[in-house]
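Here the structure comes first, spelled out in structure tokens, and everything after it is commentary.
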Amino acid sequence: MESIKPHIDWSAMFVANQPQLLRAAFKVLGNTAWAQDVVQDSYLKVTEAGHAVEARQPLAYLFQIVRNLAIDAHRRAALEARVFADEEDGLQVPAPSGTPESLSVSRQDLRIVADALAALPERTRSAFELHRLGGLTQREIAEQLGVSITLVNFMIRDAMTHCANALAPSHA
Numbered sequence: 001m002e003s004i005k006p007h008i009d010w011s012a013m014f015v016a017n018q019p020q021l022l023r024a025a026f027k028v029l030g031n032t033a034w035a036q037d038v039v040q041d042s043y044l045k046v047t048e049a050g051h052a053v054e055a056r057q058p059l060a061y062l063f064q065i066v067r068n069l070a071i072d073a074h075r076r077a078a079l080e081a082r083v084f085a086d087e088e089d090g091l092q093v094p095a096p097s098g099t100p101e102s103l104s105v106s107r108q109d110l111r112i113v114a115d116a117l118a119a120l121p122e123r124t125r126s127a128f129e130l131h132r133l134g135g136l137t138q139r140e141i142a143e144q145l146g147v148s149i150t151l152v153n154f155m156i157r158d159a160m161t162h163c164a165n166a167l168a169p170s171h172a
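Written as structure tokens, this is what we have:
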């Protein structure tokens, strides 16, 4: 059985094994700057403990500290990414577009279309709404209304033409 090594020169051990320690941290973190921070934190942790640290295998002990701190850093980064991702997503929300004037025009156009649809025969309006708002196919609408697909096609076309004609004066 190996005995505990007295008076380990931790600074010399860190200097001699720094590239390997950095690689070990990098494998966990995937980021060179974070790996350097972890190795530095490991050095501080061991040197602050000073003579209180007794290790049978000092090099293995160093690698374990680096690995543990790297895992902690990785978990912390993942948690921060989850917590702050929602916050950052909010920064990407576009500002409401349009001026008050353009919003007013859009509302007016919507009223014109609603009035135009209300003026259509019930079956034509229903076919148009089922197609454009309900997302139904012309075949599904034909089955639901009990008419031919060709008639559904004409009703949808007539409704669109009626709405376009109603909007034409306001866009002239």
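Under full-length UniProt numbering, think of the first position of the sequence shown as 1, with each following residue one higher. The beta-carbon is built from N, C-alpha and C at its ideal position, and this holds for glycine as well. Computed from a prediction, not measured in an experiment: that's the story for all the values here.
Query                                                                                                     : Result
Alpha-carbon to alpha-carbon, VAL83 and LEU136                                                            : 40 Å
Classification of ALA142 by the beta-carbon crowding that lies within 10 angstroms, buried from 16 upward : buried
Spatial distance of VAL46 from ASN31 (CA atoms)                                                           : 23 Å
Helix, strand or coil at PRO58 [DSSP, three-state]                                                        : helix
Start-to-end residues for the alpha helix (DSSP H) that takes in THR47                                    : 32–49
Residue closest to VAL113, alpha-carbon to alpha-carbon, out of ARG56, PRO100 and GLU129                  : GLU129
LEU151 versus LEU145 - alpha carbon distance                                                              : 10 Å
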